[in-house]
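Peer 1:
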Ligand SMILES: NC(=O)c1ccc[n+]([C@@H]2O[C@H](COP(=O)([O-])OP(=O)(O)OC[C@H]3O[C@@H](n4cnc5c(N)ncnc54)[C@H](OP(=O)(O)O)[C@@H]3O)[C@@H](O)[C@H]2O)c1
């Protein structure tokens, strides 16, 4: 099969389109013929060697959509020909990938493969962090930084669908308009306005942050009593100042999570809950896939370059004919 291989840690030129053996599905797995694969920030960090190990020889890609080509010896949930999307721990930039059958979701009839491939990583991350862990509930105020990112467009739509009031920050007026069209009450262009000043009157209950650095003291000042600050990255800086009396006075909870290293049973339970709680919203159009641009698999390097530039709104997807 054709696949994109990371030949050594580095820039996007280290990605090469090569021939690889088709994987064999093992017990509890299905082999998916990939028709579309999502591009994620984490793929870029992996390529750069940012996870503390040499990625040479690896195929990147954390989510795919396609059809079941074969089932492993004890796999029983899906049939050959079923159209699925799936969360995977790597290997998505390829014509075939073997996947834990419990990490797959059926593609709703209204969605294309490209649209379906845009969902697993962000939906499962947002559901586990914002809803399972931070317990965002109807009527609460929610802020997501990076509102126009793949994560952001999912978080805004899910918060709204579950009755919360979503706020966002983003780096341009165009991105802010897109966030508001998706349901954000207000999106602040942080390059023109200080988000802390702009949200002074809003009692925030949950903040989803991927920026860190000097955002943290601002987030803590904006959070209401019993507020929850959840980290999924720290793109601006891993270290932040925390004013402990603020935490004590407002009983703020700070936490964070990474989906990728969670074990297979956790991901299986999460997938089941997402199928029950979120998939009906996908089917009826309340959660829309937001795809900014597609590239052929052979142009994965260009797709990652586009993501690095951060001009996109929503997801970037690789297509495989
Ligand atoms: N922990 C987890 O399990 C998990 C899972 C999935 C994703 N994530 C993280 O969530 C974030 C969003 O992921 P994604 O795949 O949706 O990525 P993405 O679409 O590329 O979004 C990243 C966005 O962050 C904003 N940003 C703010 N400060 C930045 C900085 N210093 N450098 C670069 N971008 C900055 C950019 O928007 P502006 O130009 O508007 O600032 C950019 O669009 C990433 O940091 C990713 O690592 C974490």
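Numbering (our numbering), first residue to last: 734 to 1054.
Note that CB positions come from ideal geometry on N, CA and C, so glycine has one too.
In angstroms, rounded to a whole number, what distance separates the CA positions of residue 846 and residue 984?
Peer 2: If I take the Cα positions, the gap works out to 44 Å.
Peer 1: For residue 820 versus residue 1000, is the C-beta spacing smaller than 8 Å?
Peer 2: Yes, they are a contact pair.
Peer 1: Examine ligand 1 and report whether any of its heavy atoms sits within less than 7 Å of the Cβ of residue 1045.
Peer 2: Answer for residue 1045: yes, Cβ within range of ligand 1.
Peer 1: Extract the residue ranges of the beta strand (DSSP E) inside the segment 748-806, only unbroken runs of 3 or more that lie entirely within it.
Peer 2: Entirely contained in the segment 748-806, the beta strand (DSSP E) runs reaching 3 residues are, in chain order, 748-752, 762-772, 796-804.
Peer 1: For the segment 912-986, which segments carrying the beta strand (DSSP E) assignment without a break, of at least 3 residues, lie completely within its bounds, in sequence order?
Peer 2: DSSP runs (the beta strand (DSSP E)) wholly in the segment 912-986: 919-922, 937-942, 956-964.
Peer 1: Less than 8 Å separating the beta-carbons of residue 1050 and residue 783?
Peer 2: Taking 8 Å as the Cβ cut-off, residue 1050 and residue 783 do not qualify as a contacting pair.
Peer 1: Taking the beta carbon of residue 1037 as the centre, do at least 16 other beta carbons fall within 10 Å, making it buried, or is it exposed?
Peer 2: So residue 1037 counts as buried.
Peer 1: So for residue 1046, helix, strand or coil by DSSP?
Peer 2: Here residue 1046 sits in coil by DSSP.
Peer 1: Please give the ranges of any beta strand (DSSP E) in the segment 863-919, keeping only runs that are unbroken, at least 3 residues long and fully inside the region.
Peer 2: 874-877, 898-903, all fully within the segment 863-919.
Peer 1: Comparing the CB of residue 1040 with every heavy atom of ligand 1, is any distance shorter than 7 Å?
Peer 2: The answer is yes for residue 1040.
Peer 1: Who does residue 1027 pair with in a DSSP beta bridge?
Peer 2: According to DSSP, residue 1027 bridges with 1050.
Peer 1: Can you tell me which of 1052, 1054, 1053, 1048 puts its alpha carbon nearest to the alpha carbon of residue 854?
Peer 2: That would be 1048, whose Cα lies nearest to the Cα of residue 854.
Peer 1: Determine whether the Cβ of residue 821 lies closer than 8 Å to any Cβ atom of chain B.
Peer 2: Absence of chain B from the displayed structure is noted, only one protein chain being present.
Peer 1: By DSSP, does residue 809 sit in helix, in strand, or in coil?
Peer 2: In the structure shown, residue 809 sits in coil (DSSP, three-state: anything other than H, G, I, E or B).
Peer 1: Suppose the cutoff is 8 Å on Cβ atoms and the five residues either side in sequence are ignored; what does the same chain contact list for residue 957 look like?
Peer 2: Same-chain partners within the cutoff: 874, 936, 937, 938, 983.
Peer 1: State whether the segment 903-922 contacts the segment 872-891, with contact taken as three or more CB pairs (one from each stretch) at a distance under 8 Å.
Peer 2: Yes: at least three Cβ pairs fall under 8 Å.
Peer 1: What does DSSP give as the partner residue(s) for residue 1037 in the beta ladder?
Peer 2: In the DSSP output, where bridge partners are listed per residue, residue 1037 has none listed.
Peer 1: At a threshold of 7 Å, does residue 968 count as lining ligand 1 (C-beta to nearest heavy atom)?
Peer 2: Yes, since a heavy atom of ligand 1 falls inside the 7 Å radius drawn around the Cβ of residue 968.
Peer 1: Please state if the CB of residue 992 and the CB of residue 858 are separated by a distance shorter than 8 Å.
Peer 2: Closer than 8 Å, so yes.
Peer 1: Going by C-alpha to C-alpha distance, which of 756, 977, 739 sits closest to residue 749?
Peer 2: Among 756, 977, 739, the Cα nearest to that of residue 749 is on 739.
Peer 1: Please say whether residue 866 and residue 1003 have beta carbons closer to each other than 8 Å?
Peer 2: No, the pair does not count as a contact, with Cβ atoms beyond the cut-off.
Peer 1: Please go through the same chain and pick out, in chain order, the residues whose beta-carbon is closer than 7 Å to the beta-carbon of residue 787, but skip the five residues on each side of it.
Peer 2: Cβ within range, chain order: 742.
Peer 1: Comparing C-alpha positions only, which one of 948, 980, 941 sits nearest to residue 990?
Peer 2: That would be 941, whose Cα lies nearest to the Cα of residue 990.
Peer 1: Could you give the residue range of the beta strand (DSSP E) that holds residue 827?
Peer 2: First-last for residue 827: undefined, no H or E at that position.
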